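As structure tokens, the structure follows; a few thoughts come after it.
Residue numbers (our numbering): 422 to 658.
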């Protein structure tokens, strides 16, 4: 039986208790402090504009995670007080990173915490893929067919990893960053962990560059992110 949220160190809020089952599925959203988000957009957007855009993307990703039908709980790890407050308000589990530790260290910290709380499958979703849907995440969980395996959802250029699901939760470490898809595949091979690459159009689009924003505006439906881009004059209402 999973412990209540108040018994989890550095975690506040939960989606409720989960009855004992063979598979306990968590979605983990990793979100940078807003001060450090979307720095590659600095030539085009000021710091406050980047903060507001990153928060809008986070809200869209969190909404998608909460719409998942396969997940038992949704968790967020961040050092940003505002994002953690929104996480709690939405009824998800907030894990306070306390200070920016780097994406992979933060994910490892959260993964260990969730595994100790009973998570057998963890699907880690980056916070800058606002076209992701609950169905996308459910499809990732469905692809975890082996008791010891991983599923990778690549970026559009097939170099990055935008979603990674693992069972057991920490069967391989996350290696987000430059050429992460190849690194994750190499890690799976070394650890002899079966791995599936799952192409998904929405989650493949992470918003790092102005060209990404333009592509998003061209394809996106109503979202917090599109509304924010409209406020910035980068999209029409």
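Just so it is clear, CB atoms sit at the ideal spot from N, CA and C, and this is done for glycine as well.
The structure presented is a predicted model; accordingly, all values stated were derived computationally and were not measured.
Return the chain-ordered list of same chain residues with a C-beta closer than 6 Å to the C-beta of residue 586, the five sequence neighbours on each side being excluded.
Indexing the chain shown from 1 puts residue 586 at position 165. For residue 586, same chain residues with a beta-carbon under 6 Å away, outside a window of 5 residues either side, are 544, 561, 565, 572 in chain order.
Between the CA atoms of residue 567 and residue 538 - distance to the nearest angstrom:
Taking the chain shown and counting its residues from 1, one reaches residue 538 at position 117. Taking the chain shown and counting its residues from 1, one reaches residue 567 at position 146. Cα-Cα distance, rounded: 21 Å.
What do you get for residue 494, buried or exposed, if any count of 16 or more other CB atoms within 10 angstroms of its CB means buried?
As a working mapping, residue 494 is identified with position 73 in the chain shown. When all chains shown are included, residue 494 counts as buried.
So, does the region 513 to 525 touch the region 576 to 590, judging by three or more C-beta pairs under 8 Å?
no
Does the Cβ-Cβ distance between residue 529 and residue 624 come in under 8 Å?
Residue numbering aside, residue 529 sits at position 108 when the chain shown is read from its first letter. Residue numbering aside, residue 624 sits at position 203 when the chain shown is read from its first letter. In this structure, residue 624 does not lie closer than 8 Å to residue 529 by Cβ.
State buried or exposed for residue 520, treating a residue as buried only when at least 16 other CB atoms are found within 10 Å of its CB.
For this step, residue 520 is matched to residue 99 along the chain shown. With fewer than 16 Cβ atoms within 10 Å of its Cβ, residue 520 is classed as exposed.
Quick check: what's the CA-CA separation for residue 621 versus residue 559?
Taking the chain shown and counting its residues from 1, one reaches residue 621 at position 200. Taking the chain shown and counting its residues from 1, one reaches residue 559 at position 138. Their Cα atoms are separated by approximately 12 Å.
Exposure label - residue 478; buried when at least 16 CB within 10 Å:
Position 57 of the chain shown, counted from the first residue, corresponds to residue 478. Buried, because 16 or more other Cβ atoms sit within 10 Å of the Cβ of residue 478.
The region 638 to 651 touching the region 453 to 467, judged by at least three CB pairs closer than 8 Å:
At 8 Å Cβ cutoff, the stretches do not touch.
Tell me the residue span of the beta strand (DSSP E) that contains residue 502.
Taking the chain shown and counting its residues from 1, one reaches residue 502 at position 81. Following the DSSP letters along the chain, one finds residue 502 in no beta strand (DSSP E) but inside the alpha helix (DSSP H) bounded by residues 502 to 510.
For residue 655, which residues from the same chain have a beta carbon less than 7 Å from its beta carbon, with the 5 sequence-adjacent residues on both sides left out?
In the chain shown, the residue the question calls residue 655 occupies position 234. The residues are 634, 638.
What ranges does the beta strand (DSSP E) occupy inside the region 531 to 557, keeping only unbroken runs of at least 3 residues that lie completely in it?
542 to 547
What does the alpha-carbon distance come out to for the pair residue 630 and residue 461?
The residue labelled residue 630 in the question sits at position 209 within the chain shown. The residue labelled residue 461 in the question sits at position 40 within the chain shown. Going from the Cα of residue 630 to the Cα of residue 461 covers about 6 Å.
Excluding five sequence neighbours on each side, which residues of the same chain lie with their C-beta closer than 8 Å to the C-beta of residue 636?
The residue given as residue 636 occupies position 215 in the chain shown. Answer for residue 636: 626, listed in chain order.
Looking only at C-alpha atoms, which of 653, 522, 590, 504 sits nearest to residue 445?
Taking the first residue of the chain shown as position 1, residue 445 is located at position 24. The shortest C-alpha separation from residue 445 is found at 590.
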